[in-house]
Amino acid sequence: HPRTGGLGPMKMTLKLYAVLGQYLPEHAQKNAAEIEVDPEMTVLGVLADHGVPPENCHLVLVNGIYCAPSERAEKILNEGDALAVWPPVAGG
88 HPRTGGLGPM KMTLKLYAVL GQYLPEHAQK NAAEIEVDPE MTVLGVLADH
138 GVPPENCHLV LVNGIYCAPS ERAEKILNEG DALAVWPPVA GG
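All residue numbers for the sequence shown refer to the working numbering, where the first residue is 88 and numbers rise by one.
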């Protein structure tokens, strides 16, 4: 469905920590990058766009709020949101 109003891409922040940092765009600084995404993009959609393997996304926060694996396919991101992702912690 084409969106009405001609809204273009929206800006949000993608933060990838530890080994996931390799998937950030080249302009990223300190594990974070401002990215442009399509309106109504989901958490999984943004991660897929950047080639981040879903199985490596252990902890996902949207604006500091935990997003469970079962919610990631439905969770819609908004302009200015911050998506932060950590991989499973190795060792222990």
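From the three backbone atoms N, C-alpha and C, an ideal C-beta is built for every residue, glycine too.
(request) Would you mind working out which of 108, 99, 95 sits nearest residue 140, comparing C-alpha positions? (result) Comparing Cα-Cα distances from residue 140 to each of 108, 99, 95, the minimum goes to 108.
(request) Give the single residue among 103, 156, 97, 165 whose Cα lies nearest to the Cα of residue 138. (result) 103 is the residue among 103, 156, 97, 165 whose C-alpha sits nearest the C-alpha of residue 138.
(request) May I ask which residues mark the beginning and end of the beta strand (DSSP E) holding residue 201? (result) There is no way to answer for residue 201, as the model of the chain reaches only from 88 to 179.
(request) State the beta-bridge partners of residue 153 as determined by DSSP. (result) Beta-bridge pairing links residue 153 to 148.
(request) Use the C-beta contact count for residue 91: other C-beta atoms within 10 angstroms, 16 or more gives buried, fewer gives exposed. (result) Confidence is the limiting factor: at residue 91 the pLDDT is only 49, short of 50, which leaves the residue's position unreliable and the question unanswerable from this model.
(request) With distances taken Cα to Cα, identify the nearest neighbour of residue 171 among 160, 158, 152, 157. (result) Its Cα nearest to that of residue 171, the residue 152 stands out among 160, 158, 152, 157.
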